[in-house]
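Have a look at the structure below, then the notes.
2 protein chains.
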Amino acid sequence: MSLSSQQIKRLQAYRQKKFRREDGVFVAETPKVIEMLLDSPLALRMLYALPAYAEAVSRRYPDCRPYLQAVTAKELERISCLTSPQQVFGIWERPHRQLNRADAFQGISLVLDGLQDPGNLGTIIRIADWFGIDRLICSEDTADAFQPKCVQASMGAVAHLPVYYADLARLAADAPHDFPFFGTFLEGENVFEHPLTDTDAWYCIGNESHGIRPATAVLINRKIHIPTFSPASAPHRPHAAESLNAAVATGILCAQIRASGR
Amino acid sequence: MSLSSQQIKRLQAYRQKKFRREDGVFVAETPKVIEMLLDSPLALRMLYALPAYAEAVSRRYPDCRPYLQAVTAKELERISCLTSPQQVFGIWERPHRQLNRADAFQGISLVLDGLQDPGNLGTIIRIADWFGIDRLICSEDTADAFQPKCVQASMGAVAHLPVYYADLARLAADAPHDFPFFGTFLEGENVFEHPLTDTDAWYCIGNESHGIRPATAVLINRKIHIPTFSPASAPHRPHAAESLNAAVATGILCAQIRASGR
Chain A
130 MSLSSQQIKR LQAYRQKKFR REDGVFVAET PKVIEMLLDS PLALRMLYAL
180 PAYAEAVSRR YPDCRPYLQA VTAKELERIS CLTSPQQVFG IWERPHRQLN
230 RADAFQGISL VLDGLQDPGN LGTIIRIADW FGIDRLICSE DTADAFQPKC
280 VQASMGAVAH LPVYYADLAR LAADAPHDFP FFGTFLEGEN VFEHPLTDTD
330 AWYCIGNESH GIRPATAVLI NRKIHIPTFS PASAPHRPHA AESLNAAVAT
380 GILCAQIRAS GR
Chain B
130 MSLSSQQIKR LQAYRQKKFR REDGVFVAET PKVIEMLLDS PLALRMLYAL
180 PAYAEAVSRR YPDCRPYLQA VTAKELERIS CLTSPQQVFG IWERPHRQLN
230 RADAFQGISL VLDGLQDPGN LGTIIRIADW FGIDRLICSE DTADAFQPKC
280 VQASMGAVAH LPVYYADLAR LAADAPHDFP FFGTFLEGEN VFEHPLTDTD
330 AWYCIGNESH GIRPATAVLI NRKIHIPTFS PASAPHRPHA AESLNAAVAT
380 GILCAQIRAS GR
């Protein structure tokens, strides 16, 4: 049974947020990511696979059989979001996650302030999942965690890590008194000298180009800093002091949190 | 004075390693990266800029005037490697860096084993520069540090950080007795529990998909590991144990080296 051109159109439309929203779904590709999602509790809607992979996956994951359709390489090419499609394209129900206000201040949250690049967001989700961070809380204008590029960059970790979108200022207004909200600033304290030992805390990651916005910066009550050790950052070479990229800085912060024993 | 079609062809050819090699040059773009390079000791060959930026840059960097040529937006579009060209395109002489065998074992080196993605390599160069790592030593099949995508991802840090290419096994044969060569392996020691305090050491970063190759793994005498804290990595969810990406792992290792006081 081959795909109708109407089906193909609908599947291609899922590259756009509007149509993913309408149907309450997201898409994923490549055997690695697909299998990570099949191992997750998320609800599978459809799996389109080349015949050889369809057979392999139905053997390893018998539960997916009712949702499995074999397609030709040509059909897969048309529906895939990748330059080189890899055997399989899947559709899952997007989980509905509502942030309970009380939960927002339990454990460790990464707070994303206007992050734009879906690849960066996916990498951050993968890092947060790796380090057992409890959740991501994103400003409403942060990239969509369920867009195809982000799902791929997260290697499927979006299935495990709860990602919420919220008005940060409004949410922060409900924080307990002096709840630790960390953010990186040039004048902040050296993270290598101050262990990050808070059991419950927020850590802010800013936009790739503009960093943390002033409206968010005023909410931050713990300023920290990942120092440079570059000989090139001497005062006569001001441009050498480029900051680390958002995902790398996130990795270092999460590692410091865990190295500090939290 | 406008660019001849022959000039444009030559500039476009620099996207290929062969032609960069022939002329001993590399290219860079965007004001941010261009200015980082103008601040470096590397020798500028030519700068092609839109009139407004040409004026601005010649005021701030008078030394570049003899090499500066104003171009039209259309010309810039043709020579640029970027989807959205940004005001300027520059050509520099590629530095000739010869690795002195004695130097190879002084200070901290990152050793790259077959890293393929120029974006990843550039990000790693930026991280290494940030943390004052002494050099990168790359296997001969690692991506070229001076290809355009890598130069951009490094944010110009290629100008500061020495990057060498070598036969790793042959070079390692000259190492002092028991010289510390670290690499990440699942069975390695937890980096958060074992400070990385060696003053002189090599740290190996493997290929994005295949990790450290067996031929390199046999050279490694200190096995370490960045542990996961993910609840999703429980034994019944084997696929959840995806590793961190190469650049993020590098960032965490470099941070641990500096946090350990080296």
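If you're matching them up, the sequences are chains A and B in order.
Just add 129 to the spot in the first sequence (first one is 1) and you have this note's numbering.
Just add 129 to the spot in the second sequence (first one is 1) and you have this note's numbering.
The C-beta atom is built at its ideal place from N, Cα and C for all residues, glycine as well.
- Message: Here's a check: name, in chain order, each residue in its chain whose Cβ is nearer than 6 Å to the Cβ of Ile254 (chain B), leaving out the five neighbours to either side.
- Response: Numbered from its first residue, the second sequence carries residue 254 (chain B) at position 125. Answer for Ile254 (chain B): Ser283, Ala286, Val287, Leu290, listed in chain order.
- Within 8 Å (strictly less), CB to CB, does Ala233 (chain A) reach chain B? The count along the first sequence starts at 1 and reaches residue 233 (chain A) at position 104. Not an interface residue.
- Query: Three or more beta-carbon pairs under 8 Å between the stretch 233-250 of chain A and the stretch 326-343 of chain A, yes or no?
  - Reply: yes
- Query: Using DSSP with H/G/I as helix, E/B as strand and the rest coil, what is Glu322 (chain A)?
  - Reply: Within the first sequence, the letter at position 193 stands for residue 322 (chain A). Note: Glu322 (chain A) maps to coil in three-state DSSP.
- Query: Relative to the alpha-carbon of Leu392 (chain A), which residue among A:Gln245, A:Ile266, A:Phe218, A:Ala274 has its alpha-carbon at the smallest distance?
  - Reply: Because chain A here runs from 130 to 391, residue 392 (chain A) falls outside it and cannot be looked at.
- Item | Residues near Phe155 (chain B) in its chain [Cβ-Cβ closer than 7 Å; skip 5 each side] | As a first step, residue 155 (chain B) must be located in the second sequence, where it is residue number 26. Result list for Phe155 (chain B): Arg149, Trp221, Arg223, Phe275, Val280, in chain order.
- Query: What residues of chain A sit near Ser131 (chain B), judged by a beta carbon separation below 8 Å?
  - Reply: Residue numbering aside, residue 131 (chain B) sits at position 2 when the second sequence is read from its first letter. Residues of chain A passing the Cβ test: none, with the nearest at roughly 30 Å.
- Query: Quick one: Cα of Ala375 (chain B) to Cα of Ala376 (chain A), how far?
  - Reply: Translated into the one-based positions of the second sequence, residue 375 (chain B) becomes position 246. Translated into the one-based positions of the first sequence, residue 376 (chain A) becomes position 247. Each residue's Cα considered, the two are about 12 Å apart.
- Task: Express the C-alpha separation of Thr328 (chain B) and Ile262 (chain B) in angstroms, rounding to a whole number.
- Result: The residue labelled residue 262 (chain B) in the question sits at position 133 within the second sequence. The residue labelled residue 328 (chain B) in the question sits at position 199 within the second sequence. Answer to the nearest angstrom: the Cα atoms are 11 Å apart.
- Message: Strictly under 8 Å for the Cβ-Cβ distance: is Leu228 (chain B) near chain A by that measure?
- Response: The residue you call residue 228 (chain B) lines up with position 99 of the second sequence. No - not a single Cβ of chain A is within 8 Å of the one on Leu228 (chain B).
- Task: Go ahead and label Pro367 (chain A) buried or exposed: buried means 16 or more other beta carbons lie within 10 angstroms of its beta carbon, across all protein chains shown.
- Result: Here residue 367 (chain A) corresponds to residue number 238 of the first sequence, with the count starting at 1. Confidence at Pro367 (chain A) is low in this model, with a pLDDT of 48, below 50, so the placement of that residue should be treated as unreliable; the coordinate-derived value is given next. With fewer than 16 other Cβ atoms within 10 Å, it is exposed.
- Contacts that Phe358 (chain A) makes with chain B (C-beta to C-beta distance below 7 Å): Within the first sequence, numbered from 1, the residue matching residue 358 (chain A) stands at position 229. Under the 7 Å cutoff, chain B gives Phe260, Gly261, Arg387.
- Message: Taking its Cβ as the centre, do 16 or more other Cβ atoms sit within 10 Å of Gln145 (chain A), making it buried, or is it exposed?
- Response: Position 16 of the first sequence holds residue 145 (chain A). When all chains shown are included, Gln145 (chain A) counts as exposed.
- Query: With distances taken between CB atoms, is the gap from Leu325 (chain A) to Ile386 (chain A) smaller than 8 Å?
  - Reply: The sequence position of residue 325 (chain A) within the first sequence is 196, counting from 1. The sequence position of residue 386 (chain A) within the first sequence is 257, counting from 1. Closer than 8 Å, so yes.
- Query: Which value, in whole angstroms, describes the spacing of the CA atoms of Ala178 (chain B) and Arg351 (chain B)?
  - Reply: On the second sequence, position 49 is the one that residue 178 (chain B) refers to. On the second sequence, position 222 is the one that residue 351 (chain B) refers to. Whole-angstrom Cα-Cα distance: 49 Å.
- Item | From A:Gln135, A:Pro247, A:Leu373, A:Gln245, residue whose alpha carbon lies closest to that of Arg207 (chain A) | Here the question's residue 207 (chain A) lines up with position 78 in the first sequence. For the residues A:Gln135, A:Pro247, A:Leu373, A:Gln245, the minimum Cα distance to Arg207 (chain A) belongs to A:Gln135.
- Message: Less than 8 Å between the C-beta atoms of Ala272 (chain A) and Leu250 (chain A), yes or no?
- Response: As a working note, residue 272 (chain A) is residue 143 in the first sequence. As a working note, residue 250 (chain A) is residue 121 in the first sequence. Yes; because the gap between Cβ atoms is below 8 Å, this pair is in contact.
- Of the residues A:Leu300, A:Gln198, A:Leu171, A:Lys278, the one placed nearest Leu228 (chain A), counting alpha carbons only: Here the question's residue 228 (chain A) lines up with position 99 in the first sequence. When each option's Cα is compared against that of Leu228 (chain A), the closest is A:Leu300.
- Query: Which one of A:His225, A:Leu176, A:Asp152 has the shortest CA to CA distance from Val162 (chain A)?
  - Reply: Sequence index remark: in the first sequence, residue 162 (chain A) carries index 33 (1-based). The residue with the shortest Cα to Cα distance from Val162 (chain A) is A:Leu176.
- Length at least 3, wholly inside the stretch 284-364 of chain B: the beta strand (DSSP E) runs in chain order: 292-295, 310-319, 330-335, 351-354
- Message: For a contact defined as C-beta to C-beta under 8 Å, what are the partners of Ile334 (chain A) on chain E?
- Response: Among the protein chains in the structure shown, which are A and B, there is no chain E.
- Query: When the Cα atoms are used, what is the spatial distance from Gln216 (chain A) to Ser131 (chain A)?
  - Reply: Here residue 216 (chain A) corresponds to residue number 87 of the first sequence, with the count starting at 1. Here residue 131 (chain A) corresponds to residue number 2 of the first sequence, with the count starting at 1. Whole-angstrom Cα-Cα distance: 16 Å.
- Query: How many Å lie between Pro360 (chain B) and His339 (chain A) at the Cα?
  - Reply: In the second sequence, residue 360 (chain B) corresponds to position 231, counting from 1. In the first sequence, residue 339 (chain A) corresponds to position 210, counting from 1. So the alpha carbons of these two residues sit roughly 33 Å apart.
- Query: How would you call Glu158 (chain A), buried or exposed, if buried means at least 16 neighbouring beta carbons within 10 angstroms?
  - Reply: What you label residue 158 (chain A) is simply residue 29 of the first sequence in a count that begins at 1. Glu158 (chain A) comes out buried.
- Task: Pull up the CB-CB distance for Ile266 (chain B) and Gly380 (chain B), whole angstroms please, since I reckon it's below 8 Å.
- Result: On the second sequence, residue 266 (chain B) is found 137 positions in, with the first residue counted as 1. On the second sequence, residue 380 (chain B) is found 251 positions in, with the first residue counted as 1. Actually they do not touch by this definition, with Cβ atoms about 18 Å apart.
- DSSP state of Phe275 (chain A) mapped onto helix, strand, coil: Indexing the first sequence from 1 puts residue 275 (chain A) at position 146. Looking at Phe275 (chain A) - three-state DSSP - the assignment turns out to be coil, as it is neither helix nor strand.
- Message: Against Ile256 (chain A), what residues of chain B qualify as contacts under a CB-to-CB distance less than 7 Å, listed in chain order?
- Response: To locate residue 256 (chain A), count along the first sequence from 1; it is residue 127. Within 7 Å Cβ-Cβ: Leu373, Val377.
- Query: If we cut at 8 Å on Cβ distances, does Ala384 (chain A) have a partner in chain B?
  - Reply: Within the first sequence, the letter at position 255 stands for residue 384 (chain A). At least one chain B Cβ lies under 8 Å of Ala384 (chain A).
- Task: List the DSSP bridge partners of Glu158 (chain B).
- Result: If you number the second sequence from 1, residue 158 (chain B) lands on position 29. In the DSSP output, where bridge partners are listed per residue, Glu158 (chain B) has B:Phe218.
- Message: Rounding to the nearest angstrom, what Cα-Cα distance links Tyr143 (chain B) and Ala378 (chain A) in this structure?
- Response: Along the second sequence, one-based indexing puts residue 143 (chain B) at 14. Along the first sequence, one-based indexing puts residue 378 (chain A) at 249. Cα to Cα, Tyr143 (chain B) sits roughly 32 Å from Ala378 (chain A).
- Task: For my contact list, Tyr182 (chain B) and Pro214 (chain B) are in at a C-beta cut-off of 8 Å; report their separation, rounded to the angstrom.
- Result: Sequence index remark: in the second sequence, residue 182 (chain B) carries index 53 (1-based). Sequence index remark: in the second sequence, residue 214 (chain B) carries index 85 (1-based). Not really, about 11 Å apart at Cβ, beyond 8 Å.
- Item | Beta-bridge partners of Met165 (chain A), as assigned by DSSP | The sequence position of residue 165 (chain A) within the first sequence is 36, counting from 1. None, per the DSSP bridge assignment.
- Item | Within chain B, partners of Phe321 (chain A) - CB distance below 7 Å | Taking the first sequence and counting its residues from 1, the one referred to as residue 321 (chain A) is at position 192. Those are Arg387, Ala388, listed as they occur along chain B.
- Message: Quick check: the Cα distance between Pro195 (chain A) and Asp258 (chain A), rounded to an integer number of angstroms?
- Response: By 1-based counting over the first sequence, the position of residue 195 (chain A) is 66. By 1-based counting over the first sequence, the position of residue 258 (chain A) is 129. Those two C-alpha atoms are separated by around 30 Å.
- Kindly say whether Gly340 (chain A), judged by its beta-carbon, lies nearer than 8 Å to any beta-carbon of chain B. Within the first sequence, numbered from 1, the residue matching residue 340 (chain A) stands at position 211. Not an interface residue.
- Message: Taking 8 Å as the threshold (beta carbon to beta carbon), is Ile220 (chain B) in contact with chain A?
- Response: Counted from its first residue, the second sequence places residue 220 (chain B) at position 91. It does not: the Cβ of Ile220 (chain B) has no partner Cβ on chain A nearer than 8 Å.
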